[in-house]
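Peer 1: First residue of the sequence shown? That's 1157 in our numbering, and the numbers climb one at a time after it. Attaching a single structure in structure tokens format; questions to follow.
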Amino acid sequence: MYRISASVLLVLALCGFRPVPPPVQGPVALSIIDRDADEELDQYPHRGQHWVAGAPGHRYSVRMENRSGERVLVVLSVDGVNAITGQTASPEQSGYVLEPWQSSEITGWRKSNAEVAQFVFTDHGDSYASRTGRPANVGVIGVAVFNELRRPMYDVRPMPTPYPMPRAAAPQAESSASNRAADATSAYGKAESRQQLGTGHGEREWSHSSSTRFERASRTPAQISELRYDTRSRLLALGVIPRLRTGSGRPPQAFPGGFVPDPPRGR
């Protein structure tokens, strides 16, 4: 259990959980901050996904904002890797605990209670995931969010299992997630093979952390959100970022109408 700067808390998950489809809304807002440009990156919706354009060589942070009045646990995945443990990411793993209404920026891969290795936009092949033999999910940043279980203080009745999942629901959820993943693969199969940016393992910097206890209210995340990223040139090529028109969009006309006005003064 670890506490980092700005009162962000980490927690070690104790149970197994199954991912669920991302909801339309959730308690945590996810955004990416370019630390070298000192600006939040614009998000571009495209075919059901949201993209940001990263600048190669720039350091970045993941901003997580709890917009609820309750504590939440946020498991952070960068390129398919848990940003705290370095494991291949899964919702049941360690995460950050955000206090009510708290916003915090995660600046790197956690190395100890006191340090992180900076998140840096780098070449796909130089990304931490690729260098550790896990290149398949480079180019996506995601969070799995859990609400906290709140037990009544004076209720002496036996406590039922919180939010039990019907046995039949699990295969359905898994099938839905699989179908959606297949659709995404079909739409972006060729494009993903040309992913240019990844997240590198940058220089060490100070980031204090400490521990806390957190009991999840359910076996499945209350929210799963993803942001995809790549270079601006590739997002333009994919049509994610609209190209700006340089003119009116129509050829010149010999007779556009009207009379001859006076020229501007001084010419």
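Don't be surprised by glycine CBs; every beta carbon is placed ideally from N, CA and C.
#1: Which residue wins for smallest C-alpha separation from G1264, given the options R1287, V1234, V1253 and T1244?
#2: Report the residue from G1298, P1256 and D1282 whose alpha carbon sits nearest the alpha carbon of E1304.
#3: Measuring only the C-alpha atoms, how far is N1222 from P1212?
#4: Using three-state DSSP, classify G1281 as helix, strand or coil.
#5: Whose C-beta lies closer than 6 angstroms to the C-beta of H1214 among residues of the same chain, with five residues either side of it excluded?
#6: Between which two residues does the alpha helix (DSSP H) holding A1393 run?
#7: Determine the burial state of D1279: buried for a count of at least 16 other Cβ atoms within 10 Å of its Cβ, exposed for fewer.
#8: Let's test the definition: count the other Cβ atoms within 10 Å of the Cβ of D1198 and tell me whether it reaches 16, buried, or not, exposed.
#9: How big is the Cα-Cα spacing for F1275 and R1227?
#10: Can you find the residues in the same chain that come closer than 6 angstroms, C-beta to C-beta, to E1196, ignoring five residues on each side of it along the sequence?
#11: Which same chain residues end up closer than 8 angstroms to H1202 when comparing Cβ atoms and leaving out the 5 residues on each side of it in sequence?
#12: CB Q1351 to CB V1294, shorter than 8 angstroms?
#13: Return the chain-ordered ranges of every beta strand (DSSP E) run that is complete within the region 1204 to 1243 and spans a minimum of 3 residues.
Peer 2: Put simply:
#1: Nearest in C-alpha terms to G1264, of all of R1287, V1234, V1253 and T1244, is V1234.
#2: Answer by Cα proximity: P1256.
#3: Taken atom to atom, the span from the alpha-carbon of N1222 to that of P1212 is near 29 angstroms.
#4: Here G1281 sits in helix by DSSP.
#5: Excluding positions up to five away in sequence, the list reads D1190, D1192 and F1277.
#6: Residues R1388 to L1394.
#7: Burial state of D1279 is exposed, judged by a 10 Å Cβ sphere holding fewer than 16 other Cβ atoms.
#8: Label assigned to D1198: exposed.
#9: The straight-line gap separating the alpha-carbon atoms of F1275 and R1227 is approximately 25 angstroms.
#10: These residues qualify, in order along the chain: S1187 and I1189.
#11: Excluding sequence neighbours, H1202 sits near L1394, G1395 and V1396.
#12: A contact, by the Cβ cut-off of 8 angstroms.
#13: Complete beta strand (DSSP E) runs here, min 3: 1205 to 1209, 1215 to 1222 and 1228 to 1234.
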